[in-house]
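Inspection log for the structure reproduced underneath, given as structure tokens.
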DNA sequence: ATATGACCAATATTGTTAATTTGGTCATAT
DNA sequence: ATATGACCAAATTAACAATATTGGTCATAT
């Protein structure tokens, strides 16, 4: 929420909700501020009481979607009784990713959705470039003893990125008849990762525990 | 080689060689038949003594590159003394893929290279769509006892496609500083696949043997 | 036979202007 | 205070003709 702007948080969320749907469907370029206002049932001017510009709105949306994606992952994680092995945890990452059309578009920088935004000089993605979330995740899981230490952290995290990218992108170019059913595919990936990366003495709850802790710290920081 | 056309195979190969370089660099649209002729040191008319059309030339090039890629893989396979585990074999597949800019472009349907060709109604890729080479490869390796049977063939082959796709595509969008050095990455992937897919009792030569046999059969069919 | 390159119809590009759309503002209303 | 929507400059798109390029052919030369 932008404290400098209107404090009507409920409406701000509705704007973002509507923007998410429109942009996921029509893309950044083809979705106008007026479209968003009309669909949200408010005037165009009201949009600018919440956001400085179309880009500011869009970037708030990117952040919102990332947060929603993370929350959804947490939710799947807590609901899953198969334990906190890296295979299962990563499987749920992919599941959450697939569930969100917007996140998949973000992840592969889909130009049909991101439109001309991706070409902007100092956009969200370029600013984010320094930060490697996946690397940090893998490092933490190694420290927690949930991933073997005998394969380089950077290699593992990049392999995970490769899989996620491939998962989302290949659907466009490969004959659907040759793509396995999602459930079976994700289970297979989890199995492969567990066999390769889960140490024999892994504590299957340690991973989840670290994530929980990380989340509550993040939550606490947010409430300031 | 097109038997209906000129039988000057040497020149036909030079045409394709030149076309490969030009198209890999400038793309299908920006490379004209005259460009190819000039660079090959022959007249434009001579091109049409070998190929019916620009598209026919281009498709011959696609096939040539696929064959060259396969040959290169074979070569790496024979030269590698680490044995024929699935990890090592697949690692060499990725290595051969990375070495050929044209093959990488084909694999991800890079529109900067393939240009307007990919949008043509009945192009090479669409015709090829039925055939799933990776699936056949995995199936054969399972039959040879080099890949476990306890994970679905389709799942394994698709995971391999995902990795290959990710390997090639992620270089464009991820901060290079976060991408591991190629050698380490490929070694890591090989290690992961071996741990997950190589059966305890695998005969590390059986895989190579099947490939050799397959190749000589294909070679024999070609010479007809 | 084999190879060339001038030639052509068809397609693509460019330059230009006119028309439309869009992000953002602000006087006015509530 | 809060919200609206008419309004505007800037940017995008549409329309169109003029120009250039390109795939492919073929009469001619070697």
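Residue numbers (this note's numbering), protein chains in the order written: chain B, 1466 to 1689; chain V, 1466 to 1689. A virtual CB, placed ideally from N, CA and C, is assigned to each residue, including glycine. Since the model is a prediction, treat every value here as computed from it, not as a measurement.
Give me the residue from B:1495, B:1578, B:1562 with the minimum Cα distance to residue 1489 of chain B.
Position 24 of the first chain, counted from the start, is the residue given in the question as residue 1489 of chain B. With distances taken between Cα atoms, residue 1489 of chain B lies closest to B:1578.
I need the DSSP call for residue 1664 of chain B, collapsed to helix, strand or coil.
Taking the first chain and counting its residues from 1, one reaches residue 1664 of chain B at position 199. Coil at residue 1664 of chain B, not helix or strand.
Pop quiz: residue 1673 of chain V and residue 1549 of chain V are said to be a contact at Cβ under 8 Å. What is the actual Cβ separation, rounded to whole angstroms?
Looking up residue 1673 of chain V in the second chain gives position 208. Looking up residue 1549 of chain V in the second chain gives position 84. Sure, about 4 Å apart at Cβ, within 8 Å.
Kindly indicate if chain B contains any beta-carbon less than 8 Å away from that of residue 1589 of chain V.
The sequence position of residue 1589 of chain V within the second chain is 124, counting from 1. No, its Cβ sits nowhere closer than 8 Å to a Cβ of chain B.
Could you give the DSSP three-state label for residue 1483 of chain B: helix, strand or coil?
To locate residue 1483 of chain B, count along the first chain from 1; it is residue 18. In this structure, residue 1483 of chain B counts as helix in the three-state DSSP scheme.
Please confirm if residue 1624 of chain V has its CB atom under 8 Å from at least one CB of chain B.
Residue numbering aside, residue 1624 of chain V sits at position 159 when the second chain is read from its first letter. Yes, residue 1624 of chain V counts as interfacial toward chain B.
I'd like to know whether the C-beta of residue 1627 of chain B is nearer than 8 Å to at least one C-beta of chain V.
Numbered from 1 along the first chain, position 162 holds the residue referred to as residue 1627 of chain B. So, interface residue.
Just to check my reading of the structure: residue 1629 of chain B and residue 1572 of chain B have Cβ atoms closer than 8 Å, yes? What is that Cβ distance to the nearest angstrom?
In the first chain, residue 1629 of chain B corresponds to position 164, counting from 1. In the first chain, residue 1572 of chain B corresponds to position 107, counting from 1. Confirmed, about 6 Å.
Per DSSP, what kind of secondary structure is residue 1611 of chain B in: helix, strand or coil?
For the purposes of this step, residue 1611 of chain B is taken as residue 146 along the first chain, with counting starting at 1. Residue 1611 of chain B falls in the coil class under three-state DSSP.
Using a Cβ-Cβ cut-off of less than 9 Å, give me the residues of the region 1633–1645 of chain V that come near chain B, in sequence order.
Those would be 1634, 1635, 1637, 1638, 1639, 1640, 1642, 1643, 1644, 1645, in chain order.
Quick one: complete alpha helix (DSSP H) runs, 4+ long, within the region 1564–1599 of chain V?
For the region 1564–1599 of chain V, whole alpha helix (DSSP H) runs of length 4 or above, ordered along the chain, are 1566–1572, 1576–1579, 1589–1593.
Are the C-beta of residue 1660 of chain V and some C-beta of chain B separated by less than 8 Å?
The sequence position of residue 1660 of chain V within the second chain is 195, counting from 1. By this cut-off, residue 1660 of chain V is an interface position.
Would you call the region 1655–1671 of chain V in contact with the region 1600–1612 of chain V, where contact means no fewer than 3 C-beta pairs closer than 8 Å?
Yes: the two stretches touch, three or more of their Cβ pairs being nearer than 8 Å.
Could you name the residues of chain B that residue 1656 of chain V contacts, counting a contact when the two beta carbons are closer than 7 Å?
On the second chain, residue 1656 of chain V is found 191 positions in, with the first residue counted as 1. Residues of chain B passing the Cβ test: 1616.
Kindly confirm or deny that the region 1481–1497 of chain V and the region 1579–1597 of chain V touch, where touching means at least three C-beta pairs closer than 8 Å.
Contact between the region 1481–1497 of chain V and the region 1579–1597 of chain V is present, because at least three Cβ pairs lie under 8 Å.
If you follow the alpha helix (DSSP H) that residue 1513 of chain B is part of, which residue opens it and which one closes it?
Residue numbering aside, residue 1513 of chain B sits at position 48 when the first chain is read from its first letter. 1509–1515 is the span of the alpha helix (DSSP H), which, as asked, contains residue 1513 of chain B.
Is there contact here, the region 1616–1633 of chain V with the region 1637–1649 of chain B, by at least three beta-carbon pairs under 8 Å?
Segments in contact, yes.
Please state whether DSSP places residue 1639 of chain V in a helix, a strand or coil.
Counting from 1 along the second chain, the entry for residue 1639 of chain V is found at position 174. Residue 1639 of chain V falls in the coil class under three-state DSSP.
Distance, Cα to Cα, residue 1690 of chain B vs residue 1631 of chain V?
No answer is possible for residue 1690 of chain B: it lies beyond the span of chain B, which begins at 1466 and ends at 1689.
Roughly how many whole angstroms lie between the Cα atoms of residue 1527 of chain B and residue 1519 of chain V?
As a first step, residue 1527 of chain B must be located in the first chain, where it is residue number 62. As a first step, residue 1519 of chain V must be located in the second chain, where it is residue number 54. The alpha-carbon atoms of residue 1527 of chain B and residue 1519 of chain V are separated by roughly 44 Å.
For residue 1649 of chain B, decide whether its Cβ has a neighbour in chain V, counting only Cβ atoms nearer than 8 Å.
In the first chain, the residue the question calls residue 1649 of chain B occupies position 184. For residue 1649 of chain B, the answer is yes, since a Cβ of chain V falls inside 8 Å of its Cβ.
What is the DSSP secondary structure of residue 1491 of chain V, counted as helix, strand or coil?
Translated into positions along the second chain, residue 1491 of chain V becomes position 26. Helix, per DSSP.
Alpha carbon to alpha carbon, how far is residue 1587 of chain B from residue 1659 of chain B?
Locating residue 1587 of chain B in the first chain gives position 122, where the first residue counts as 1. Locating residue 1659 of chain B in the first chain gives position 194, where the first residue counts as 1. Roughly 39 Å between the two C-alpha positions.
Is there at least one Cβ from chain B nearer than 8 Å to residue 1600 of chain V's Cβ?
Mapped onto the second chain, residue 1600 of chain V falls at position 135. Cβ-Cβ to chain B under 8 Å: yes for residue 1600 of chain V.
For the alpha helix (DSSP H) containing residue 1518 of chain V, list its first residue and its last residue.
Counting from one through the second chain, the residue named residue 1518 of chain V turns up at place 53. Looking at the DSSP string, residue 1518 of chain V is not in any alpha helix (DSSP H), and its letter there is neither H nor E.
Please report whether the beta-carbon of residue 1597 of chain B lies at a distance below 8 Å from any beta-carbon of chain V.
Start at 1 with the first residue of the first chain, and residue 1597 of chain B comes out as number 132. Output row for residue 1597 of chain B: interface = yes.
At what residues does the alpha helix (DSSP H) containing residue 1695 of chain V begin and finish?
Here chain V comprises residues numbered 1466 to 1689, so residue 1695 of chain V is not present and cannot be evaluated.
Does the beta-carbon distance from residue 1530 of chain B to residue 1567 of chain B come in below 8 Å?
Here residue 1530 of chain B corresponds to residue number 65 of the first chain, with the count starting at 1. Here residue 1567 of chain B corresponds to residue number 102 of the first chain, with the count starting at 1. The answer is yes: Cβ separation under 8 Å.
Closer than 8 Å, CB to CB, is residue 1631 of chain V near chain B or not?
In the second chain, the residue the question calls residue 1631 of chain V occupies position 166. By this cut-off, residue 1631 of chain V is an interface position.
Between residue 1619 of chain B and residue 1515 of chain V, what straight-line distance do the alpha-carbon atoms span, to the nearest angstrom?
Locating residue 1619 of chain B in the first chain gives position 154, where the first residue counts as 1. Locating residue 1515 of chain V in the second chain gives position 50, where the first residue counts as 1. Spanning the two alpha carbons is a distance of roughly 49 Å.
What's the C-alpha gap between residue 1634 of chain B and residue 1560 of chain V?
As a position in the first chain, residue 1634 of chain B is number 169, starting the count at 1. As a position in the second chain, residue 1560 of chain V is number 95, starting the count at 1. So the alpha carbons of these two residues sit roughly 21 Å apart.
Can you check whether the C-beta of residue 1553 of chain V is within less than 8 Å of a C-beta belonging to chain B?
Taking the second chain and counting its residues from 1, one reaches residue 1553 of chain V at position 88. Not one chain B Cβ lies under 8 Å of residue 1553 of chain V.
In angstroms, rounded to a whole number, what distance separates the CA positions of residue 1504 of chain V and residue 1540 of chain V?
For the purposes of this step, residue 1504 of chain V is taken as the residue at position 39 of the second chain. For the purposes of this step, residue 1540 of chain V is taken as the residue at position 75 of the second chain. Roughly 29 Å separates the two Cα atoms.
Taking the alpha carbon of residue 1589 of chain B as the point to measure from, which residue in B:1649, B:1570, B:1523, B:1601 has its own alpha carbon closest?
Within the first chain, the letter at position 124 stands for residue 1589 of chain B. The shortest Cα separation from residue 1589 of chain B among B:1649, B:1570, B:1523, B:1601 belongs to B:1523.
Here's the rule: buried if 16 or more other CB atoms are within 10 angstroms of the residue's CB, otherwise exposed. What is residue 1627 of chain B?
For the purposes of this step, residue 1627 of chain B is taken as the residue at position 162 of the first chain. Classification for residue 1627 of chain B: buried.
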